[in-house]
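Visitor: Chains as they are written, first to last, in the numbering used here: chain A, 42 to 340; chain B, 125 to 407. Here it is, the structure in full.
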Amino acid sequence: MKLLKLQRTMARAVMQPLTASERMQRKAPDGRAMRSYAARFIKPNDRLTSFERLEIYNRQYWFRLFSSMTEDFPGLRSVLGERRFDAMCKAYIVDCPSRSFTLRNLGAKLEGWLRAHPSWAGKKQTLALDITRLEWADIEAFDGEAKPALRTEDLAGAAGAELRLQLQPYVRLLDLHYPVDDLLLAVRKDDEDTDFASNAFQERRKRKHVRAVAKLKPGAVFLVVHRIDNSVYFRRVSVEEFAVLNFLRQGKALGKALDAAFRKSKMPLGERAESVQQWFENWATLGWFCQPEKKPAAH
Amino acid sequence: MPANKFNGFTDYGIGIGLRAPHYDHILSRKPVVDWFEIISENFMIDGGRPLQILDQILEQYKVVQHGVSMYFGSAEKPNREHLRRLKELVKLTKTPWVSDHLCWGSVDGRYTHDLLPMPYTFEAAKVTAQKVREVRDYLEVPVAVENVSSYAEFHVSEMTEWEFLNEVVERADCGILLDVNNIYVSSQNHSFDPMTYVNSVPAERVAQIHIAGHSKYRKYILDTHDHPVIDPVWKLYDRAIHRAGHTATLLEWDDSIPSFNEVHDEAKKANKFLASSVLATAV
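Set out below in structure tokens:
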């Protein structure tokens with residue numbers, strides 16, 4: 042068997058989902074018995090059959106990828122419940138196997154995939170999408186690029202209304218339908234506590250999670266996921282502030298971004314100037330804007 | 125012997141893997157450590173805390189890069205984005221050499237994130253050596269390939285694992301990261317004499333040595349990096365450094381990670397063997 046053919050043959054078996062009891066399936070990807078499939082290319086030894094040797098790799102693959110998903114999406118796990126989350130992960134990984142050299146990117150397509158497969162979340166679809174978006178934003182904010190922060194001198198000579206400000210690449214803007222930021226922080230707190238907890242405590246925690254998710258009432262939340270001193274934070278902002286940030290990210294000039302953001306705003310006219318000034322002070326303190334990219338010199 | 129072209133003519137001592145649970149200890153206590161090995165992929169990112177930590181480590185320590193997903197043995201071409209990011213990191217760390225595994229793990233662009241065993245064929249050796257050369261030429265630093273622990277063997281194999289390793293490194297003219305724990309694990313899983321393996325490796329190509337612990341199951345041994353090094357592995361290590369000389373040595377501990385001091389103390393047990401190898405060389 043040539044190298045490429047052998048690797049394809051083995052990879053198909055390794056990436057085939059495990060049974061409910063976390064063993065290798067009896068049927069191979071080509072429909073034949075897995076015992077004969079494995080025996081075609083793997084030698085048995087005096088302790089293990091070809092099937093059993095292949096199964097070691099099959100199990101390692103799924104345990105490793107499940108572990109990565111569980112680590113990255115604890116909030117979604119609490120929304121769906123552990124068993125449904127595990128089943129969903131299996132389906133997701135089959136449809137969207139890793140195509141990156143790093144497991145960091147394994148969940149990159151999860152939001153889109155969940156949108157296309159609403160049956161996994163059922164009535165909780167909106168909540169599930171919200172928490173998935175937040176958890177992915179958290180990953181991106183954690184290790185996203187930070188460009189040099191905007192300085193006062195970068196603004197020298199810029200016409201106010203025509204100013205185009207660039208948000209730091211690591212800053213993520215989320216318009217959510219549920220307060221999932223509170224939920225995720227609670228889940229993390231619980232996970233920290235249970236590192237040292239008994240089984241009975243963990244059972245109580247599970248029930249507490251279910252109650253917390255059941256109680257979560259819908260409500261619009263405008264959230265900025267950002268980082269300070271390399272730790273990720275969630276900051277809720279008003280709809281108007283969120284809109285300005287969003288328009289600026291889209292490349293609108295400051296004047297147009299402000300006009301568009303306040304177009305349907307209920308904020309009293311008299312409060313707007315003061316609010317905008319306060320936002321700018323906050324944004325500057327938090328370092329959310331970066332220096333404009335220098336245009337290449339014309340030849 | 126230890127400082128050779130495969131480790132950038134460096135003379136490193138005993139290092140340990142840089143792992144997140146130890147960050148605070150290392151940065152606050154600044155323990156004396158010869159060098160740290162980093163998992164390259166953990167730092168091939170755009171920004172944030174991991175890179176900040178790495179910058180702080182680089183201010184005080186020597187760092188060597190070790191990769192887990194180059195997959196020299198995969199039949200497909202190297203991932204260009206992977207190479208680009210790896211080279212950026214090489215420039216940042218100034219690592220004297222780069223290591224990754226003699227295995228495969230991706231096919232048709234799909235990654236298993238595992239170190240899958242090679243079929244020991246001449247075709248595979250040729251493909252692997254070509255890829256090692258491409259990676260080394262792109263990165264412009266010496267490359268060392270590491271033997272992996274394995275749990276399966278293939279019917280198509282035409283040689284032993286150590287013959288395959290030799291075939292690859294000769295064809296690629298690259299170094300070896302000799303993992304004596306992996307040799308032990310595979311020897312138990314495939315019933316061969318691990319000392320034969322150690323004695324068959326071209327000593328002049330050994331750029332670095334790995335030591336680690338593993339987990340024993342009823343029918344096989346799994347390379348888990350979650351225990352101290354056992355005596356039979358120390359014996360292989362002893363033999364390896366008697367052949368290769370005072371070689372850069374690294375303890376891997378990746379799961380159930382104990383305190384920094386416990387890991388460092390375990391690594392420093394290698395000193396006893398290194399000292400005797402120096403004496404033997406002097407005599």
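Glycine included, C-beta positions come from ideal geometry on N, C-alpha and C. From a predicted model like this one, the values you see are computed outputs, not experimental measurements.
#1: Start and end of the alpha helix (DSSP H) containing Asp148(B)?
#2: Is any beta-carbon of chain C found at less than 8 Å from that of Thr143(A)?
#3: Applying the criterion that 16 or more other CB atoms from any shown protein chain within 10 Å of the CB defines a buried residue, is Gln48(A) buried or exposed?
#4: What residues of chain B sit near Ser62(A), judged by a beta carbon separation below 9 Å?
#5: Provide the residue span of the alpha helix (DSSP H) that contains Arg81(A), from first to last.
#6: Is there a Cβ of chain A sitting closer than 8 Å to that of Asn203(B), yes or no?
#7: Can you list, in chain order, the residues of its chain with a C-beta nearer than 6 Å to that of Lys186(B)? Leave out the 5 residues immediately preceding and following it.
#8: At the level of alpha carbons, what is the spacing between Thr90(A) and Lys165(A)?
#9: Could you give the distance in angstroms between the alpha-carbon of Tyr219(A) and the alpha-carbon of Val120(A)?
#10: In the stretch 290-326 of chain A, which residue ranges form an unbroken alpha helix (DSSP H) of at least 4 residues, counting only runs that do not cross its ends?
#11: Using a cut-off of 9 Å between C-beta atoms, extract the partners of Val55(A) located in chain B.
#12: Sort Leu196(A), Leu59(A), Ala182(A) by Cα distance to Asn99(A) and report the nearest one.
#13: What is the residue span of the alpha helix (DSSP H) that Gln57(A) lies within?
#14: Pull up the distance between the alpha-carbon of Ala157(A) and that of Leu170(A), whole angstroms please.
#15: Is the beta carbon of Val266(A) sitting closer than 8 Å to the one on Leu226(A)?
#16: For Asp238(B), which of helix, strand or coil comes out of DSSP?
#17: Looking at chain B, is there any beta carbon in it that lies within less than 8 Å of the beta carbon of Ile172(A)?
#18: With distances taken from CA atoms, which of Phe92(A), Arg229(A), Val55(A) is nearest Leu117(A)?
#19: Rounded C-beta distance between Asn271(B) and Leu289(B)? I'm assuming under 8 Å.
#20: Alpha carbons only, please: which of Lys218(B), Pro202(B), Val231(B), Val280(B) is nearest the one belonging to Ser258(B)?
#21: Is Asn287(A) close to chain B? Criterion is C-beta to C-beta, closer than 8 Å.
#22: As an exercise, report each continuous beta strand (DSSP E) stretch of at least 3 residues that is fully enclosed by the stretch 230-294 of chain B, in chain order.
#23: May I ask which residues mark the beginning and end of the alpha helix (DSSP H) holding Arg118(A)?
#24: Should Leu175(A) be flagged as near chain B, meaning a C-beta pair shorter than 8 Å?
#25: Am I right that His338(B) and His351(B) are in contact with their C-beta atoms under 8 Å? What's the rounded C-beta distance?
#26: So the beta strand (DSSP E) Phe159(B) belongs to, where does it begin and stop?
#27: Would you say Gln332(A) lies against chain B (beta-carbon separation less than 8 Å)?
#28: Near Ser274(B), what residues of its chain come up, given a Cβ to Cβ distance below 6 Å and the 5 sequence neighbours on each side ignored?
#29: Helix, strand or coil for Glu282(A), going by three-state DSSP, please let me know.
#30: To the nearest angstrom, how far is the alpha carbon of Asp270(A) from that of Arg173(B)?
#31: Pull up the distance between the alpha-carbon of Tyr136(B) and that of Leu175(B), whole angstroms please.
#32: At 4 residues or longer, what runs of the alpha helix (DSSP H) sit wholly inside the stretch 142-191 of chain A?
#33: In terms of DSSP beta bridges, what is Cys331(A) paired with?
#34: I want to see whether chain A comes within less than 8 Å of Ser339(B), judged by CB atoms only; does it?
#35: Taking Cβ-Cβ distances shorter than 7 Å, what residues in chain A pair up with Ile335(B)?
Guide: Taking the coordinates as given:
#1: 147-153
#2: Going by chain labels, chain C is absent from the structure shown, which instead holds the protein chains A and B.
#3: buried
#4: Neighbours of Ser62(A) on chain B: none; closest Cβ ~18 Å, over 9 Å.
#5: 75-82
#6: yes
#7: Trp159
#8: 45 Å
#9: 12 Å
#10: 295-303
#11: Thr236, Asp238, Leu240
#12: Leu59(A)
#13: Run containing Gln57(A): none; DSSP gives neither H nor E here.
#14: 11 Å
#15: no
#16: strand
#17: no
#18: Arg229(A)
#19: 6 Å
#20: According to the sequence displayed, residue 258(B) carries Glu and not Ser. Of the candidates Lys218(B), Pro202(B), Val231(B), Val280(B), the one whose C-alpha sits nearest the C-alpha of Glu258(B) is Pro202(B).
#21: no
#22: 234-240, 267-270
#23: 115-121
#24: no
#25: 7 Å
#26: The question names Phe, yet the displayed sequence has Trp at residue 159(B). From DSSP, the beta strand (DSSP E) with Trp159(B) extends over 159-163.
#27: no
#28: Pro241, Ser310
#29: helix
#30: 8 Å
#31: 23 Å
#32: 151-157, 166-184
#33: Ala190(A), Gln207(A)
#34: no
#35: The contacting residues do not exist; Ile335(B) stays about 22 Å from chain A at best.
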